[in-house]
Amino acid sequence: KQEVTQIPAALSVPEGENLVLNCSFTDSAIYNLQWFRQDPGKGLTSLLLIQSSQREQTSGRLNASLDKSSGRSTLYIAASQPGDSATYLCALFGGSEKLVFGKGTKLTVNP
Amino acid sequence: DGGITQSPKYLFRKEGQNVTLSCEQNLNHDAMYWYRQDPGQGLRLIYYSQIVNDFQKGDIAEGYSVSREKKESFPLTVTSAQKNPTAFYLCASNPGTRGGSNQPQHFGDGTRLSIL
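First to last, the protein sequences are chains W and E.
Residue numbering for the first sequence follows the working numbering, starting at 1 and increasing by one per position.
Residue numbering for the second sequence follows the working numbering, starting at 1001 and increasing by one per position.
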């Protein structure tokens, strides 16, 4: 059974810092990995999707990488801003017709 | 704009009452999902549907029921058998996942259900 772990559960950084969020998984047989952002009381917004055959994806200040052999993905946020404060979740699609989610990392960027 | 609409935003349930949460999408997506989110638990899958008139149980289906009579609609009923229904409920959709998926999943803004 696929298990997805995100460490740390919470992270607080000063504005302007570059940071990395981690996601690890137990089964490397995946189709894709997605990173989502969730603001308090809201739904999830898709940030980046990495296909199984890809190593990374970039969107603006965000860069996500995927290493299936080690069962890891990272989300890199450059020059963090207070508006980046949110919970970030990773999720994997492994062909079981459903996503498996991690519990998320709550990020706080302090002005 | 295309998207997923969940209603109501807040819902209160009395003891022994069934309540229905609405989810409508205009993205022309085949697959739809219901998740439950509790603090510290992450998202747990309740039910999902890959096509009209067909749906499957997720990891925590007990005490819930769904229907998929139309492609754009996937309502969730929280029955009186669900003894701990207080949670944030999220509906999602995807173009389709048969044979794999290369499209991101879209989410609605959620319904927060509480017990009176």
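Here a beta-carbon is modelled for each residue, glycine too, at the ideal position from N, C-alpha and C.
These numbers come from a predicted model, not from an experiment.
Contact list for E/GLN1050 against chain W, beta-carbon separation under 9 Å: Proximity of chain W to E/GLN1050 at the Cβ level (cut-off 9 Å) is accounted for by GLU97, in chain order.
Work out the CA separation of W/SER70 and E/HIS1029 for me, nearest whole Å. Those two C-alpha atoms are separated by around 33 Å.
Own chain residues within Cβ distance below 7 Å of E/ILE1051, not counting five before or after: These residues qualify, in order along the chain: ASP1030.
Hey, out of W/THR26, W/VAL20, W/TYR31, whose CA is closest to W/ARG61's CA? With distances taken between Cα atoms, W/ARG61 lies closest to W/VAL20.
Please check the pair W/SER85 and W/VAL109, which I expect to be a contact at CB under 8 Å, by giving their CB distance rounded to whole angstroms. Sure, about 5 Å apart at Cβ, within 8 Å.
How would you write the range of the beta strand (DSSP E) that E/VAL1078 sits in, first residue to last? From DSSP, the beta strand (DSSP E) with E/VAL1078 extends over 1076-1078.
Whole-Å CB distance - W/ILE50 paired with W/ASN22, under 8 Å assumed: In this structure W/ILE50 does not touch W/ASN22 by the C-beta definition: roughly 15 Å separates them, more than the 8 Å allowed.
Let me know the secondary structure DSSP gives W/ASP67 once reduced to three states. Looking at W/ASP67 - three-state DSSP - the assignment turns out to be strand.
For E/ASN1026, return the contacting residues in chain W, with the cut-off set at a CB-CB distance below 9 Å. Ordered by position in chain W, no residue passes the 9 Å Cβ test against E/ASN1026, which lies about 16 Å from the chain.
Report, in whole angstroms, the separation of the C-beta atoms of E/GLY1063 and E/THR1086, which I expect to be a contact under 8 Å. About 12 Å; that fails the 8 Å criterion.
If you count every other CB in all the chains shown that lies within 10 Å of the CB of E/ASN1094, and 16 or more means buried, which is it? Answer is buried; the Cβ neighbour count reaches 16.
Could you list which residues in chain W have their beta carbon closer than 9 Å to that of E/PHE1107, in chain order? Those are PHE36, GLN38, LYS42, GLY43, LEU44, THR45, SER46, listed as they occur along chain W.
Element boundaries [beta strand (DSSP E), containing E/TYR1048]: In this chain, the beta strand (DSSP E) harbouring E/TYR1048 covers 1042-1051.
Could you give the residue range of the beta strand (DSSP E) that holds W/GLN54? Here W/GLN54 belongs to no beta strand (DSSP E), and DSSP marks it neither H nor E.
Select from W/PHE36, W/GLN81, W/LEU75 the residue whose C-alpha is nearest the C-alpha of W/LEU89. A check of alpha carbon separations from W/LEU89 across W/PHE36, W/GLN81, W/LEU75 identifies W/PHE36 as the nearest.
Cβ of W/GLN51 less than 7 Å from any chain A Cβ? Structure shown: chain A not included; protein chains present are W and E.
On the CB-based measure, 16 or more other CB atoms within 10 Å of its CB, does W/PRO111 come out buried or exposed? Residue burial is scored here from C-beta neighbours: W/PRO111 has fewer than 16 other C-beta atoms within 10 angstroms and is therefore classed as exposed.
How long is the line joining the alpha carbons of E/SER1067 and W/ALA9, rounded to whole angstroms? Going by the C-alpha atoms only, they are around 35 Å apart.
I'd like to know whether the C-beta of E/ASN1053 is nearer than 7 Å to at least one C-beta of chain W. So, not an interface residue.
Of the choices E/PHE1055, E/SER1022, E/TYR1048, whose alpha-carbon is the least far from that of E/ARG1112? Taking only the C-alpha atoms, the option nearest E/ARG1112 is E/SER1022.
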